[in-house]
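Step one of this worksheet: look at the structure below.
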DNA sequence: TCGCGCACTTGATCTGGGTCAAAGAATTTT
DNA sequence: AAAATTCTTTGACCCAGATCAAGTGCGCGA
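Chains as they are written, first to last, in my numbering: chain A, 1125 to 1372; chain B, 1125 to 1372.
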């Protein structure tokens, strides 16, 4: 249900998710026109930094394709990923000047941006946009809090399983399902990036992935291509009984 | 007169923080009137549960006095606190039916509530409210992500120092400062609640507090009353160089 | 085709924080 | 005032995951 609302509709709408995510839900054509006028695209290569923490950020936008990460870094170099931006995710905080995090492209990345000033002006005139952004921000808040449970209380194995669960779900609608219902997807992150997301070291990530493979919870083709023969088994490993409405 | 965005203003406004936090910033008197009509108060005793995760939640509101916590619990009983609600903090998600978390009063608690339906109707009519809520939600999101760094990458000692930092800051305006600039405050949480917030056990919390005391970073009068002789020292211990603009 | 670099795996060892256990201190109940 | 309950501290030991250290395997440019 989440999927049909976002993905399929945004495809109908065109190639730019912001239309749907921020506006389309209840859009009128003149609003779309106005957004169209202040819209532009930016491309980044894998590994490139979109914006550094603390830098002035004069745009908001959303991911069209590729993957970006939000990370925080301590002075001594310890880093924690605080968000994973997949296609259609929104970036930027209306009403704030600077970025609170480093935003880095982990794959080649295309973003659809709006200069912040005109976007905010439009928000003033168009209440639907503020409502849509509020809804999206509440979603992100839920996700962040969910992740606090993962970081604070789950074991390394559960953390890995939780991450795989999220990745599998996030683009479930795009993924192939084998006849028997197995799920197949590619890991969009290096072991190190996974470690930064999970509050682990890359060695522990590697070991736990090996363990899940050994125990038949997943199988790997190459380093990144994952097959999950039984998704509910993976959910169990994640310590999470709910299936999020994905299975039915 | 109802246009200043300060703490003292919310006091001028009356005894109910929601006025300020959600509306007062740019309110007009008829909006206040309408809010007044759908407003009511609820009181809870220390330890009482305000609402269980998953339960239908037909109100939004804010804390007037006392402290509440948001927690998530796994089936096996592991719990993680995902939010700490202090006076003036907002609770509830416009547009959502159920609570995502257990909300528990850790002290005697008074909340100012609005039935959700009329509140949402008012949001539709009054764009300022949606803007204010968006701003507040973005603040909460920042806080949650900041906490992800604490949970994922900080040591037990740093975690304790980080929590003390937050508590000291949160009500800095209300706190006494001794002539020499020391900060004094009461811990509003048990050791167990602190552990749940920090992803630790209560034993580790106790040990690290003892260690900070031994090392002169803090001193305790009784179990709960804390004196911080040098706040920048505490910030250092938290692994956080910024002073958040508090010292000047 | 070689060799270099990067992402990943695996092993050996160490340690921070968890677990289990006992006992103080502060409050409330009887 | 004694007893019970709840919160906290402290000690002894253990283990999950970190750290340190080799390797493996694959892609890519020369």
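C-beta atoms are modelled at their ideal positions from N, C-alpha and C, and glycine is treated no differently. Because the structure is a prediction, the values reported are computed rather than measured.
Of the listed residues the options, nearest to residue i (C-alpha basis)
i: residue 1288/B; options: 1314/B, 1362/B, 1184/B; result: 1362/B
i: residue 1312/A; options: 1171/A, 1167/A, 1163/A, 1165/A; result: 1171/A
i: residue 1354/B; options: 1336/B, 1224/B, 1206/B, 1227/B; result: 1336/B
i: residue 1164/B; options: 1173/B, 1306/B, 1183/B; result: 1183/B
i: residue 1215/A; options: 1327/A, 1202/A, 1343/A, 1257/A; result: 1257/A
i: residue 1243/A; options: 1225/A, 1219/A, 1309/A; result: 1219/A
i: residue 1199/B; options: 1321/A, 1189/A, 1278/A; result: 1278/A
i: residue 1201/A; options: 1320/A, 1327/A, 1356/A; result: 1320/A
i: residue 1306/B; options: 1262/B, 1265/B, 1280/B, 1356/B; result: 1356/B
i: residue 1232/B; options: 1241/B, 1168/B, 1272/B; result: 1168/B
Assumed close pair residue i, residue j - CB separation to whole angstroms, cut-off 8 Å
i: residue 1249/B; j: residue 1162/B; result: Their Cβ separation, rounded to whole angstroms, is 13 Å, which puts residue 1249/B and residue 1162/B out of contact at 8 Å.
i: residue 1260/B; j: residue 1185/B; result: So it is not a contact: roughly 13 Å between Cβ atoms.
i: residue 1187/A; j: residue 1208/A; result: No, residue 1187/A and residue 1208/A are not in contact; Cβ-Cβ is about 10 Å, not under 8 Å.
i: residue 1204/A; j: residue 1323/A; result: 7 Å
i: residue 1180/A; j: residue 1237/A; result: Contact doesn't hold; Cβ gap of about 14 Å is too wide.
i: residue 1329/B; j: residue 1315/B; result: 5 Å
i: residue 1338/B; j: residue 1206/A; result: With a Cβ gap of about 33 Å, residue 1338/B and residue 1206/A do not count as contacting.
i: residue 1263/A; j: residue 1224/B; result: That pair is no contact at about 11 Å.
Coil, strand or helix - residue i by DSSP
i: residue 1229/A; result: strand
i: residue 1170/B; result: coil
i: residue 1175/B; result: strand
i: residue 1200/A; result: coil
i: residue 1240/A; result: helix
i: residue 1276/B; result: helix
i: residue 1347/B; result: coil
i: residue 1320/A; result: helix
i: residue 1261/B; result: helix
i: residue 1341/A; result: coil
i: residue 1180/B; result: strand
i: residue 1192/B; result: strand
i: residue 1208/A; result: strand
i: residue 1310/B; result: strand
i: residue 1223/B; result: coil
Cutoff 7 Å; reference residue i; Cβ partners in own chain excluding five residues on either side
i: residue 1230/A; result: 1170, 1191, 1192, 1193, 1312, 1313, 1317
i: residue 1333/A; result: 1284
i: residue 1228/B; result: 1173, 1174, 1192, 1193, 1195
i: residue 1247/A; result: 1218, 1253, 1254
i: residue 1280/B; result: 1324, 1328, 1332
i: residue 1245/B; result: none
Contacting residues, own chain, Cβ-Cβ under 6 Å from residue i (five flanking each side not counted)
i: residue 1178/B; result: 1222
i: residue 1139/B; result: Interpretation of residue 1139/B is limited by its pLDDT of 42, a score under 50 that renders its predicted location unreliable; the figure taken from the coordinates is listed afterwards. Closer than 6 Å at Cβ, skipping near neighbours: no residue.
i: residue 1226/B; result: 1176, 1177, 1195
i: residue 1129/A; result: Confidence at residue 1129/A is low in this model, with a pLDDT of 33, below 50, so the placement of that residue is unreliable and no value is reported for it.
i: residue 1326/B; result: 1315, 1316, 1319
i: residue 1189/B; result: 1211, 1234
i: residue 1272/B; result: none
Own chain, CB closer than 8 Å to residue i, minus 5 neighbours either side, in chain order
i: residue 1282/A; result: 1274, 1361, 1362, 1363
i: residue 1345/B; result: 1351
i: residue 1358/A; result: 1285, 1288, 1289, 1292, 1341, 1342, 1352
i: residue 1310/A; result: 1348, 1349, 1350
i: residue 1241/A; result: 1182
Any non-hydrogen atom of the ligand MN within 7 Å of residue i CB
i: residue 1324/A; result: What this structure holds is no ligand at all, so the ligand MN is not there to describe.
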